[in-house]
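The sequence shown begins at 16 in the numbering used here and counts up one residue at a time.
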Amino acid sequence: MHLTERRAVAAVLLVLTASVLLLAAWQVTSALRLYLDTAFVLLAPGWAVVVHLRLATRALEWITAIAIGISGTLLIAQVMVSTHWWHPTAVFVVVAVVTFFALLWQLITPRAAGAAR
Numbered sequence: 016m017h018l019t020e021r022r023a024v025a026a027v028l029l030v031l032t033a034s035v036l037l038l039a040a041w042q043v044t045s046a047l048r049l050y051l052d053t054a055f056v057l058l059a060p061g062w063a064v065v066v067h068l069r070l071a072t073r074a075l076e077w078i079t080a081i082a083i084g085i086s087g088t089l090l091i092a093q094v095m096v097s098t099h100w101w102h103p104t105a106v107f108v109v110v111a112v113v114t115f116f117a118l119l120w121q122l123i124t125p126r127a128a129g130a131a132r
């Protein structure tokens, strides 16, 4: 995927991340939040990781981002259950904040010509 396309995706996911953080802070409960949270969990954390990998195709990048999002969420949930520390909203906010800064870093970090992704 071309660098400008990657930055565009990062920008869209940054807006999505900011939106879910605001909805969580305001404790909004609606179908819209459900859809936005689901899209966030599936795409944003995985994209923040995938952008640093050298994958051959766009399809592979997207499916890897989704797999990372799902597996990361399941791993975090399993740790919370195993440790008897069930605070999904707090963990969601932490993941969203970390993802926000990772996506922001992708947008503000200049890339040298010829640099890998």
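Idealized CB from N, CA, C, for every residue including glycine.
Comparing the CB of residue i with every heavy atom of the ligand FAD, is any distance shorter than 7 Å?
i	result
VAL43	Absent from the structure shown: the ligand FAD. Ligands present: none.
Less than 6 Å between C-beta atoms, sequence neighbours within five positions excluded: which residues of the same chain meet that for residue i?
i	result
GLY87	PRO60
TRP62	LEU28 and ALA80
DSSP three-state call for residue i: helix, strand or coil?
i	result
ARG69	coil
ALA60	Checking the sequence shown, residue 60 turns out to be Pro, not Ala. PRO60: helix per DSSP, three-state reduction.
SER45	coil
PRO125	coil
THR32	helix
TRP101	coil
Taking the alpha-carbon positions, what's the residue i to residue j distance?
i	j	result
LEU38	VAL24	21 Å
PHE115	VAL109	10 Å
THR72	LEU18	14 Å
ARG21	TRP77	11 Å
GLN121	HIS102	29 Å
To which residues of the same chain is residue i closer than 7 Å at the C-beta, ignoring the five residues directly before and after it?
i	result
SER34	LEU51
VAL106	ILE91 and MET95
VAL11	Missing from the structure shown is residue 11; the chain here goes from 16 to 132 and no further.
THR104	ALA39
VAL64	ILE83
If we count the other Cβ atoms within 10 Å of its Cβ and call it buried at 16 or more, is residue i buried or exposed?
i	result
ILE123	exposed
ALA46	exposed
ALA111	buried
Between the Cα of residue i and those of the options, spot the shortest distance and give me the residue it belongs to.
i	options	result
ALA54	LEU31, PRO125, VAL66 and THR44	LEU31
Tell me which same chain residues have a C-beta within less than 8 Å of the C-beta of residue i, skipping the five on either side of it?
i	result
HIS99	none
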